[in-house]
Every structure is written in C-alpha cells, then in structure tokens.
Ligand code: NDP
C-alpha cells in the first residue's frame, strides 16, 4: 500500500521534503461492526487549505494532520469491501480519504456516492466537489450578484476561480481575472470566457492595474489570495461593493500574515467584506450538483484540470499550488479504475 505521509509539522513554505512516499500495509477487509469501508483510491485532490493542516495548530476549524500517517484529503474512490449498509462493493464514492492506494474509512459522514457517467470521475473533487461548491456558494450566497455587476476574481484559473468567473458570466456580469502566467491569462480569455485577464506578476502597481480594468470600480471582489491584491482591490471597490473572502493563498506560508492597510475603504465606501466557509452551505450541495452538471452538459461551462499521474507525484503536485505550477484544478490520479 503506497502512501504519502507528512514527516513533520511544516513552518514556512511547504516543500516535497516535508512528505515521504513509503510502502505501508493495506487493510483490505472492513472490520465487522465498524461501519467502515475499504476503498481503492482513484483520484486525490490537492487543496491549498491542506497547508493549514500541516501546521501544529489545534485552534483551526480543522485539526492538523498527524506526522507519520497518510495525509488525509478529498478523493474519489471505489468500494472494495463494506461493513456499511449505505455502500456496496463496486460503488464509487467521493469524500475524505487517505493519500494512499487503499484506505479503510471508518468515519463515512463525508462520503457521497457518485456515478460513473459522461462526467469525468475526477470532477467530483473539482467542478462537482468541494472547490466547485465553494465557487457556487461563495458567488451566489456571499457576493449578492446582480446582472451587470463588475466582478474581479483572483487566482482565477484555479479550481475555485475558474468556476466563479464562468458563473458570473452566466449571470450577466463583467468579469476580470488575475493569474500568475501568460498561459493562464490566455486560458482565462480564450477558453473560460473572462472579459479580461492580467498576469499580476508582471504588474508593478496593482492599484493602478485594477483601475485600468475597472475605471468605474469593482462591485464584487472574489478574493482567493489576500495580501497585496486584497489591499489594491479595497481601493478600487465601488460604494456598497462586496468582498467575498474565500481564501488567502498568498499568506499560507507566512508565520505572521501580512497586514492589510486599506481597511478604511470599508467605511468610506460602505463595503461588505465577508469571510465564508463552503461547509456552512452544505444544504445547497444537491442544488449545486444539479445546476452545475446541467451547465456542463449544455456546454455553458468548461473545467480545466491539471492531473499528476501516480501517487509518487502527489508531493510535488501539492507543493506546486503555492508557486502556481498548477494550470486548473490540481488532481493526482492514483489509478483510473
Ligand atoms: P488553486 O487551484 O487556485 O491553486 C492555488 C493557486 O493560487 C495557484 O495556482 C496560484 O495561481 C495561486 N497562488 C499561489 N501562491 C500565490 C501568491 N503568493 N499570490 C497570489 N496567488 C498565488 O486553488 P483553489 O482554487 O483550490 O483555492 C483558491 C482559494 O480558495 C485558496 O485560497 C483556498 O484556500 C480557498 N478555498 C476556500 C474555501 C472556503 O470554504 N472558504 C474552500 C476551498 C478553497 P497563480 O498562478 O494565479 O498565482
């Protein structure tokens, strides 16, 4: 049973050396009375929030990983053995599993059955999984969007950002995205239907950059990065603008977060800035799956994935999230079947 384990708690930017790929033992029977499942892992999700679980911090909304154990994360898997009446051998499931070939899952609350059909199985950790749901809940429930709104999305080509932009376009908004390479900017404009996009790494003054794309100001900023971009966006918001604080990927590797300087803009422009967690909106999940699957089938949205082949490439895929190596949703394919 090949596994990826966390070696120690991480300080600063994560590196591949913080993880180890090793051979462990697999338990292939779910113990009687455990209510558990043994699954074969097919697709594993690399998500920025997992960086937080590599820190020895028990005060967060999710407990840290345990060094020496297989890393835990979202995945799509096939049931090999079941002691749970809700799941049968051969079912495909999505939810929390281990970064290993085979996992005994005893806490099954996060698992949902998924179908193998015209939608790729890997989408259940991306477009139709937690990141897609974050985009959906964040955009409709937190941003209070209206037709014609000017929307700015950072980390726009990533797992969450690419869907936020496309939902905003379907809603009749003007949408600009920022991303960290020429290739990503091109994809945003040519494939994902953003009105405009720019490479923030090539800009010297983000405040004037945003002024250029939003001469009349921003109605909605969907913030995936925090830091300097958030500061620049605050200065460019319209009166009564909304900032949905989804994540702060630029701050993950700092032991102390960078300060935000322009908070007086919140007062002056009566901006509503709201942090949110997708997990607070899970009652909307069935509606989300239905809506977004329909959009996908009707060709109204597309979804870019970056698939690393093989568990041994999981550490580099994960670390790549923090340098922008991933183009689209970062997934690790452990096995196709
Ligand atoms: P992505 O697929 O977007 O991957 C991360 C991307 O962040 C990279 O590709 C890179 O893109 C960008 N990035 C990395 N470092 C920096 C930096 N220093 N400054 C600016 N950009 C950087 O990840 P997700 O779409 O999965 O996640 C996006 C955000 O959403 C994260 O902050 C995450 O924590 C948050 N999130 C929040 C949830 C919630 O419930 N609130 C749930 C899920 C995710 P680039 O090349 O453009 O720099």
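In UniProt numbering, the protein residues as written are 6 to 342. Ideal placement from N, C-alpha and C gives every residue a C-beta, glycine not left out.
Applying the criterion that 16 or more other CB atoms from any shown protein chain within 10 Å of the CB defines a buried residue, is residue 310 buried or exposed?
-> Indexing the chain shown from 1 puts residue 310 at position 305. Using a 10 angstroms sphere on the CB of residue 310, the tally of other CB atoms reaches 16 or more, which defines it as buried.
Is it the case that the CB of residue 171 approaches a heavy atom of ligand 1 more closely than 8 Å?
-> Locating residue 171 in the chain shown gives position 166, counting from the first residue. Every heavy atom of ligand 1 is 8 Å or more from the Cβ of residue 171, so no.
How close, in whole Å, do the beta carbons of residue 31 and residue 42 come, if the pair is a contact with beta carbons under 8 Å?
-> Along the chain shown, one-based indexing puts residue 31 at 26. Along the chain shown, one-based indexing puts residue 42 at 37. The Cβ separation is near 13 Å, so there is no contact.
Curious, which full-length beta strand (DSSP E) runs of at least 3 residues does the segment 133-188 contain?
-> Here the runs fully enclosed are 155-158, 179-184.
Please find out if some non-hydrogen atom of ligand 1 comes closer than 8 Å to the beta-carbon of residue 139.
-> Residue numbering aside, residue 139 sits at position 134 when the chain shown is read from its first letter. For ligand 1, at least one heavy atom lies less than 8 Å from the Cβ of residue 139.
Residue 104, buried or exposed, once every other Cβ within 10 Å from all chains shown has been counted against 16 | If you number the chain shown from 1, residue 104 lands on position 99. Around the Cβ of residue 104, a 10 Å sphere holds 16 or more other Cβ atoms; the residue is buried.
Ignore the nearest five residues each way along the sequence and tell me which others in residue 265's own chain have a CB closer than 7 Å to its CB.
-> Sequence index remark: in the chain shown, residue 265 carries index 260 (1-based). Closer than 7 Å at the Cβ level, and outside the excluded window around residue 265, lie 235, 236.
CA-to-CA distance, residue 101 to residue 170, given in whole angstroms = On the chain shown, residue 170 is found 165 positions in, with the first residue counted as 1. On the chain shown, residue 101 is found 96 positions in, with the first residue counted as 1. Put simply, the backbone Cα of residue 170 is about 27 Å away from that of residue 101.
Would you say the segment 287-303 touches the segment 10-27, given that touching needs at least three Cβ pairs under 8 Å?
-> No, the segment 287-303 does not touch the segment 10-27.
Cβ-Cβ separation, residue 130 to residue 80 (assumed contact under 8 Å), whole Å | Translated into the one-based positions of the chain shown, residue 80 becomes position 75. Translated into the one-based positions of the chain shown, residue 130 becomes position 125. Contact annotation, residue 80 with residue 130: C-beta distance approximately 6 Å; criterion of less than 8 Å satisfied.
Could you tell me which residues DSSP pairs with residue 3 in its beta bridges?
-> Missing from the structure shown is residue 3; the chain here goes from 6 to 342 and no further.
Whole angstroms is fine: what's the gap from residue 143's alpha carbon to residue 63's?
-> The sequence position of residue 143 within the chain shown is 138, counting from 1. The sequence position of residue 63 within the chain shown is 58, counting from 1. When rounded, the separation of the alpha-carbon atoms in residue 143 and residue 63 is 26 Å.
Answer yes or no: the CB of residue 118 versus the heavy atoms of ligand 1, is any distance below 8 Å?
-> As a position in the chain shown, residue 118 is number 113, starting the count at 1. Using a cutoff of 8 Å, the CB of residue 118 does not count as near ligand 1, since none of the ligand's heavy atoms is closer than that.
Over the uninterrupted alpha helix (DSSP H) stretch that includes residue 255, give me the two end residues.
-> Along the chain shown, one-based indexing puts residue 255 at 250. For residue 255, no alpha helix (DSSP H) segment is defined, and its DSSP state is neither H nor E.
Is the number of C-beta pairs between the segment 239-252 and the segment 296-307 that are closer than 8 Å three or more?
-> Counting Cβ pairs under 8 Å, fewer than three are found: no touch.
Please list, in chain order, all residues of the same chain as residue 286 whose beta carbon is under 7 Å from its beta carbon, the five residues on each side excluded.
-> Here the question's residue 286 lines up with position 281 in the chain shown. 142, 146.
Keeping to the same chain, check which residues put their C-beta closer than 8 Å to that of residue 40; ignore five residues upstream and five downstream.
-> Within the chain shown, residue 40 is the residue found at index 35, counting from 1. The beta carbon of residue 40 is closer than 8 Å to those of 88, 89, 111, 113 in its chain, skipping five residues each way along the sequence.
Are the beta-carbon atoms of residue 319 and residue 9 separated by less than 9 Å?
-> Position 314 of the chain shown, counted from the start, is the residue given in the question as residue 319. Position 4 of the chain shown, counted from the start, is the residue given in the question as residue 9. Taking the C-beta atoms as reference points, residue 9 is found nearer than 9 Å to residue 319.
Report yes if the C-beta distance between residue 272 and residue 312 is below 9 Å; otherwise report no.
-> Taking the chain shown and counting its residues from 1, one reaches residue 272 at position 267. Taking the chain shown and counting its residues from 1, one reaches residue 312 at position 307. Against a cut-off of 9 Å, the Cβ pair of residue 312 and residue 272 comes out as no contact.
Within 9 Å, strictly: CB atoms of residue 190 and residue 173 = Within the chain shown, numbered from 1, the residue matching residue 190 stands at position 185. Within the chain shown, numbered from 1, the residue matching residue 173 stands at position 168. Against a cut-off of 9 Å, the Cβ pair of residue 173 and residue 190 comes out as no contact.
Would you check whether ligand 1 has a heavy atom nearer than 8 Å to the C-beta of residue 221?
-> Counting from 1 along the chain shown, the entry for residue 221 is found at position 216. Ligand 1 never approaches residue 221 closely enough for any of its heavy atoms to be under 8 Å from the residue's Cβ.
In terms of alpha-carbon separation, which member of 241, 240, 28, 326 lies closest to residue 107?
-> Sequence index remark: in the chain shown, residue 107 carries index 102 (1-based). For the options 241, 240, 28, 326, the alpha carbon positioned closest to that of residue 107 is the one of 28.
Any heavy atom of ligand 1 closer than 8 Å to the CB of residue 54?
-> Here residue 54 is taken as the residue at index 49 of the chain shown, counted from 1. Using a cutoff of 8 Å, the CB of residue 54 counts as near ligand 1, since one of the ligand's heavy atoms is closer than that.
Based on Cα-Cα distance, which residue from 204, 119, 179 lies nearest to residue 222?
-> The residue labelled residue 222 in the question sits at position 217 within the chain shown. Taking only the C-alpha atoms, the option nearest residue 222 is 179.
Straight-line CA distance for residue 340 to residue 168?
-> Start at 1 with the first residue of the chain shown, and residue 340 comes out as number 335. Start at 1 with the first residue of the chain shown, and residue 168 comes out as number 163. Between residue 340 and residue 168, the C-alpha separation is close to 26 Å.
Presumed contact (8 Å Cβ cut-off) between residue 83 and residue 45, rounded CB distance = The residue you call residue 83 lines up with position 78 of the chain shown. The residue you call residue 45 lines up with position 40 of the chain shown. About 5 Å; that satisfies the 8 Å criterion.
On a CA-only basis, which of 132, 306, 194, 238 is nearest residue 278? Give me that one, please.
-> Within the chain shown, numbered from 1, the residue matching residue 278 stands at position 273. The shortest Cα separation from residue 278 among 132, 306, 194, 238 belongs to 238.
Note the first and the last residue of the continuous beta strand (DSSP E) segment covering residue 337.
-> Locating residue 337 in the chain shown gives position 332, where the first residue counts as 1. Residue range 334-338 is occupied by the beta strand (DSSP E) that includes residue 337.
Say yes only if the C-beta of residue 326 is nearer than 8 Å to one or more non-hydrogen atoms of ligand 1, and no if none qualify.
-> Taking the first residue of the chain shown as position 1, residue 326 is located at position 321. Between ligand 1 and the CB of residue 326, the shortest heavy atom gap is smaller than 8 Å.
Which residues in the same chain have their Cβ closer than 6 Å to the Cβ of residue 166, if we skip the five residues on either side of it in sequence?
-> As a working mapping, residue 166 is identified with position 161 in the chain shown. By the criterion of a C-beta distance shorter than 6 Å, residue 166 is surrounded in its chain by 158, 160, 229, once the five residues flanking it on both sides are discounted.
In chain order, what residues of the same chain lie with their CB nearer than 6 Å to the CB of residue 253, ignoring the 5 residues before and after it?
-> As a first step, residue 253 must be located in the chain shown, where it is residue number 248. Excluding residues up to 5 positions away in sequence, 231 lie with their Cβ nearer than 6 Å to the Cβ of residue 253 in the same chain.
With 16 other CB atoms within 10 Å as the buried threshold, where does residue 52 fall?
-> Mapped onto the chain shown, residue 52 falls at position 47. Under this definition residue 52 is a buried residue.
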